[in-house]
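In what follows, a structure is listed as structure tokens, so that the remarks can point back to it.
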Amino acid sequence: MMPEWKRNIFVRAITARMAGEGRTKEDLIAEYVLLTEEEKAEILSYI
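Those letters in the sequence shown? Residues 385 to 431, per our numbering, in order.
This is how it looks when you write it as structure tokens:
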């Protein structure tokens, strides 16, 4: 489980990019290659 502050940063960033770029959250999260699969799943569950 990642710290809440870290998760919030990713949630805000991906949400903003979804609105600005018109891409899906799954497409965008795939670009964050240093995150583990568990971290990616946690972030996606909050979007």
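We treat Cβ as the ideally placed atom computed from N, Cα and C, and that holds for glycine.
Nearest-angstrom Cα separation, counted from ARG391 out to ALA414: 15 angstroms
Extent of the continuous alpha helix (DSSP H) to which MET402 belongs: 388-405
CA-to-CA distance, LEU428 to GLU410, given in whole angstroms: Spanning the two alpha carbons is a distance of roughly 8 angstroms.
Enclosing alpha helix (DSSP H) for ALA486 [first to last residue]: In the structure displayed, the chain extends from 385 to 431; residue 486 sits before or after that span and is not available.
Cut-off 7 angstroms between Cβ atoms - residues of its own chain near VAL395, not counting five sequence neighbours on either side: Excluding sequence positions up to five before and after VAL395, its CB lies within less than 7 angstroms of the CB of ILE427, TYR430 and ILE431, all in the same chain and listed in chain order.
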